[in-house]
Amino acid sequence: MSKNISAVVYERHGNPADVLHLESRPWPVPGPGEAVVKMRAAPINPADLNQIEGK
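When you read off a place in the sequence shown, starting at 1, and then add 1438, the result is the number in our numbering.
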């Protein structure tokens, strides 16, 4: 597998269009009894948008 992943992240609350950005991050290393699952896509839930907006 690739040594890096792409992640959509935010570092401050605000309008999602203004605060969300794409970052390259190291591939996570699973701990004992854990697994890393490769995801191709994931939706943004309305509750996620509330968190991003700081509500």
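Quick reminder that beta carbons are idealized off the backbone N, C-alpha and C, glycines included.
Classify residue i as helix, strand or coil using the three-state DSSP reduction.
i, result
"Ile1443", "strand"
"Pro1464", "strand"
Between the C-alpha atoms of residue i and residue j, what's the straight-line distance to the nearest angstrom?
i, j, result
"Glu1491", "Glu1472", "31 Å"
"Gly1452", "Gln1489", "9 Å"
"Val1475", "Gly1469", "13 Å"
"Ile1482", "Arg1450", "17 Å"
"Asp1456", "Ala1479", "21 Å"
Assess, as a yes-or-no matter, whether the segment 1439-1450 is touched by the segment 1460-1467 under the definition of 3 or more beta carbon pairs within less than 8 Å.
-> yes
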